[in-house]
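Quick note, the sequences are listed as chains U and S, same order. Heads up, the first sequence is in this note's numbering, so the first residue is 3 and it goes up one at a time. Heads up, the second sequence is in this note's numbering, so the first residue is 3 and it goes up one at a time. Using N, Cα and C, we set each Cβ at its ideal position, and we do this for glycine too. Since we're looking at a predicted model, the values are computed, not measured. These notes are about the structure you will find just below.
There are 2 protein chains.
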Amino acid sequence: MLEAARQLGVYVESVCGGRATCGRCQVSVQEGNFAKHKIVSSNDHLSSIGPKEQRYASIRELPEGRRLSCSAHILGDLVIDVPQDTVINAQVVRKDSDGRVIERDAAVHMCYVEVEEPDMHKPLGDLDRLKAAIATDWKYENLEVDFHLNPRVQSVLRKGDWKVTAAIHKDEGSDRPRLVALYPGLKNEAYGIACDIGSTTIAMHLSSLLSGRTVASAGASNPQIRFGEDLMSRVSYVMMNPDGREGMTNAVREALNGLIDKVCADGGVSREDILEAVFVGNPIMHHLFLGIDPTELGGAPFALAVSGAVHLKASEIGLPMNAGTRVYVLPCIAGHVGADAAAATLSEGPHRQDEMMLLVDIGTNAEIVLGNRHRVVAASSPTGPAFEGAEISSGQRAAPGAIERVRIDPVTLEPRFRVIGIEPWSDEPGFAEAAEKVGVTGICGSGIIEVIAEMYLAGIISEDGVVDGSLAARSPRILQNGRTFSYLIQQGEPRITITQNDVRAIQLAKAALYAGVKLLMDKQGIDHVDRIGLAGAFGTFIDPKYAMVLGLIPDCPLDKVKSVGNAAGTGARMALLNRGYRREIEETVRKIEKIETALEAKFQEHFVYAMALPNKVDAFPELAKVVTLPERKMSAEGSGDEGTGRRRRRNRE
Amino acid sequence: MLEAARQLGVYVESVCGGRATCGRCQVSVQEGNFAKHKIVSSNDHLSSIGPKEQRYASIRELPEGRRLSCSAHILGDLVIDVPQDTVINAQVVRKDSDGRVIERDAAVHMCYVEVEEPDMHKPLGDLDRLKAAIATDWKYENLEVDFHLNPRVQSVLRKGDWKVTAAIHKDEGSDRPRLVALYPGLKNEAYGIACDIGSTTIAMHLSSLLSGRTVASAGASNPQIRFGEDLMSRVSYVMMNPDGREGMTNAVREALNGLIDKVCADGGVSREDILEAVFVGNPIMHHLFLGIDPTELGGAPFALAVSGAVHLKASEIGLPMNAGTRVYVLPCIAGHVGADAAAATLSEGPHRQDEMMLLVDIGTNAEIVLGNRHRVVAASSPTGPAFEGAEISSGQRAAPGAIERVRIDPVTLEPRFRVIGIEPWSDEPGFAEAAEKVGVTGICGSGIIEVIAEMYLAGIISEDGVVDGSLAARSPRILQNGRTFSYLIQQGEPRITITQNDVRAIQLAKAALYAGVKLLMDKQGIDHVDRIGLAGAFGTFIDPKYAMVLGLIPDCPLDKVKSVGNAAGTGARMALLNRGYRREIEETVRKIEKIETALEAKFQEHFVYAMALPNKVDAFPELAKVVTLPERKMSAEGSGDEGTGRRRRRNRE
């Protein structure tokens, strides 16, 4: 039956090579008869359960109706299901924790073989006989061998009584297959890690390469933060300190080793059993992780040391796992659009869709990808760190105590808000007690977006971002600071306000983001997008409605705007579990048209235009369906072009 | 002209890719005219020397009549010579110190390229643009890159002002080409080492991969000697000491590092510029060098961990050269017939000849190869270390003070001898004074062979190896020791004698050697060989006549018996300079029929037969032409078969 499945192109896994020992080729018989212990009858559709399957069933579990496809012979028409959920995970595809189905075709293949014993008449080496067995049973000819296995091959073969499981690595079609690990006896497991190295946080998943199942996930802060909060300050640190690059490389690798320990402990997996690792990150994280000086990325022409996918051994970068563990790093798209954006693209697949999709990952730079199956363009926009709560007077990272949701009563101008780590809203029972314990310490990225959008919707700030000081007469929430005004959210310990400078910082950031998006829309010749994916932590917590009120993103039906979570991490897992995805994203990255915003005259124009809130009202008809936008003098004044001209002049002043 | 040479299959080197800067494509115009600075005339056969060649000639030397073939256009018929001896070594082949011509096709290829500068509109990484340039100029597509170059590529490209020389490694046809080193500007040199790791001595050659010239050679004692003089004692040491393998591996690698330093110093070459290394050695040296436990080689079935060729990086075995330096280790033939025998086979080429050639390398084991282009067989014989002077009462290694030549007057039985480090023979003027200084300390392998052969020729020992005590009456040189007698060579300080036990040790060793040779001759179905090559130090110093008197080697015209020096080292150099030789020896080793003497009933029979001196007189008609063999009762007694029977009985007693 295994042979029939292969002929039909159905992927059924087998580690033991048809010896009925690994159990991975299990199938479920949906329609068709077979005998359990008896001889075959004329109306059976499959051979009876033979001695090998009985032996397997006696040692491990073989549920009712299941057969080992390597041992069952087809006698008549039947319907077979390749199960998705067996204990030993013999399925073709499997849903992981985030609900995504990843078809498996890992670069590592576990191959059980029985090796001929030494023969003085044919004095081939032990390794050479192992290679011959692999060629015969698994058709891997011309095998390369990791050198570290040479000193180990004799003891492993003898320990396994000449039965061993070989881990064969073959990534690209043009690669020679390579023996990377060797285990005595039948080794029925192999693992891989997928990791997204963000400037702020590092996320890692540990997955079974055989079942595709994610067995553990963990995250940690990027310890490079101690060298600089945002990317450019880390580049500066490298430029100004002789061992700055090395220090940051060591810091991130130490953090990765800690995460590997954690996912191994959580998943009950030995580091030795991790044979593959996939990493993604923005260009500067990518370079620092690989030990490459990122200085060139700090200034034009923003030259990457390497943009293509990088293949290496884990031991070459101080991540001890198995001595044969291979690392794959996704390609970077451009000097400011990294392997994380490539992985997010792989995950969300604009290049696989008919709809025009906008994919935005907001960090210190916003990485923006826009396209469909016909054409994909990408750019980055220098948003600065305001969206992450940096450079905001009461800003902080998204952590317990941070205000993440805000509503402002348009009549009283009183705020109510919700805090990370506290269940009730600030005007609900139980909040005060909880706030006593957790503390309300600042406002995070999504909170800033909401409060500024609500301030706009409540008329506290005008379309050009000025806090209306005349309202101080009406509400104690409006405070004067010298010549500008601010909005008070919390009176004490700490006092949390939104200052005029905070509004300006968000205006600059959102204008940069929108200008980048608009530039890509120009390149595509479109004036609206079909769907929007918001990636990363910011994208997870932000309410799309408020992002649209502020004009961070272009007009789009709100139900088509989705948080895509850690899309970069998902893309990394896809590349881990299926080497076909590696070729797909490599080809996609080659084809993506890279736009350098600094070289585009239109960028500046879009930027100035987008300083207003919310850019231009009539550009957001979808938004008008769900929120009541304040009436503006603007719309009465005349055409958008005139308005733009007015704003530009004002900006020059 | 370079293009024409390539079309004709003539290998003309070029590093700069036709830019007239490297000068390696120099040719000498034998017949044909060309103008030096003028315009071309109608009877010129080549274009005139243009600005590029003039520039080259002004910076480096371009001798009269020489042209750069990349810059000269053919206008008519001419005769071109590809020179063998230019200063910059632009020759196709070159004789090295041992007179051998090795055609070059190294696994490493130096490729000069000019790389496009970064362009924000096409944000390919620096490494990716380098790969594109290499693909365009040198047709290496799908290039793999050594990871260590990722952090270096940006600084090298900028240092070379976007002009760099890439070292591309491609060994087997199925390999992907691999970038292993990168230099700013034009790098016109690359080196390799070839090394034979003997149990006693290690020999290393440093060669230019571009010219083929051997720029330095050096040798050293194998420091493993402190763990055990011969191979089996080293295996025992490993078996009895938990860190014995590691200690011996470290010892040999340290010695290799010392030799690399020495050849680099002698040749004025930086370790960084060594990009390839080839190693050979007997199976136990091979395993210890690679860090493999040799215990399995200590007993049947004598299983090698690996018999095929081994590819690795020098950095994997603690031999720091360039970070990209690759190591190639020749295949082993069998458990006791190593990569050194394979290299000697490659060097002497029995498999390329019509004549039936015997190739013998004598160490603790004798490695024996016998064959011609139709069939090659190989075996090892357990000679023990007697031929190396071990287990001989006055034996020592070949070093100053060792007796290496001996003649015995058949009438007076007085010896005369020659000592390493002393020019005159012992009966010539000046010897005494020199001996005073150097000291006469013992007798080395070649001396032992000669003295025992001379003792036999002088009638001091019988054909069954007994020292004739009755001669004590006639000569003070015959001394009694208990029940046996010995022969005195030097009376004092130290006293040097050949004892009955010494004769027995040599008898055992030579019987083992001859029995192995005879077994292979049986396999080939021959009763004589066409030529004999004696490899190694022992083969260099031994006089073939005496080897034949003792019956170490079968009968053969004496002018067809040659010392082949360090044939293993020469084979290693061939594999270093031309990867085609790697494929040749790999295929040859696969085809060689391996004979395990321990499994052959005939071996024991041949061994017993060969205990006599010189085996059987009438088996050596060639020898009878050059020495007067003593008359023997044997030849009068009857047929050889009877004689053999008699000896066998005696041996049983």
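Top-ranked residue by Cα proximity to residue i, from the options
i, options, result
"Q565/U", "D121/U, Q56/U, S448/U", "The displayed chain sequence assigns Ser, not Gln, to residue 565/U. Measuring from the Cα of S565/U, the nearest candidate turns out to be S448/U."
"G52/U", "G582/U, S43/U, S73/U, K315/U", "S73/U"
"V110/U", "E174/U, V166/U, I61/U", "E174/U"
"Y58/S", "R236/S, T23/S, P285/S", "T23/S"
"Y611/U", "S349/U, A511/U, K38/U, V329/U", "A511/U"
"M242/S", "F229/S, R420/S, A344/S, A222/S", "F229/S"
"P65/U", "T251/U, E231/U, Q28/U", "Q28/U"
"M358/U", "G365/U, A570/U, I364/U, T347/U", "T347/U"
Paired residues, beta bridge with residue i - DSSP
i, result
"D83/U", "S30/U"
"G567/S", "A537/S"
"N580/S", "D107/S"
"K165/U", "E116/U"
"T499/S", "L490/S"
"I170/U", "H111/U, L181/U"
"D198/S", "A205/S, V282/S"
"G373/S", "M359/S, V378/S"
"G1/S", "Residue 1/S falls outside the range modelled here, since chain S spans only 3 to 655, and no answer is possible."
"N483/U", "T486/U"
"E146/U", "R180/U"
Neighbour flag for residue i against chain U, beta carbons, 8 Å
i, result
"V217/S", "no"
"I294/S", "yes"
"Q93/S", "Here the model assigns Q93/S a pLDDT of 29, short of 50, so the residue's position is not dependable, and the following value carries that caveat. So, not an interface residue."
"D198/S", "no"
Proximity test, Cβ basis, 8 Å: residue i and chain S
i, result
"R650/U", "The predicted position of R650/U is uncertain, since its pLDDT is 35 and thus under 50; a value taken from the coordinates is nonetheless stated next. Taking Cβ atoms only, chain S never reaches closer than 8 Å to R650/U, which makes this a no."
"V282/U", "no"
"F149/U", "yes"
"E318/U", "yes"
"E416/U", "no"
"L126/U", "yes"
"L129/U", "yes"
"V17/U", "no"
"Q9/U", "no"
Residue burial classification, residue i (beta-carbon count within 10 angstroms, cutoff 16)
i, result
"E598/U", "buried"
"L10/U", "exposed"
"D130/U", "buried"
"K189/S", "buried"
"P374/S", "Note on residue identity: the sequence assigns Asn, not Pro, to residue 374/S. Classification for N374/S: buried."
"D79/U", "exposed"
"G582/S", "exposed"
"I394/S", "buried"
"R106/U", "buried"
"A475/U", "exposed"
"V89/U", "No answer about V89/U holds up, because its pLDDT of 35 lies below 50 and its placement is not dependable."
Beta-carbon neighbours of residue i, restricted to chain U and to distances below 9 Å
i, result
"V155/S", "I294, A307, V308"
Within chain U, partners of residue i - CB distance below 7 Å
i, result
"S176/S", "N144, R178"
"E298/S", "Q156"
Per-residue contacts from residue i into chain S (C-beta, under 8 Å)
i, result
"M122/U", "A302, P303, F304, G337, E598, A600, L601"
Contacts of residue i in chain S (Cβ-Cβ under 7 Å)
i, result
"A312/U", "For the record, residue 312/U in the displayed sequence is Val; it is not Ala. Per Cβ cutoff of 7 Å: N152."
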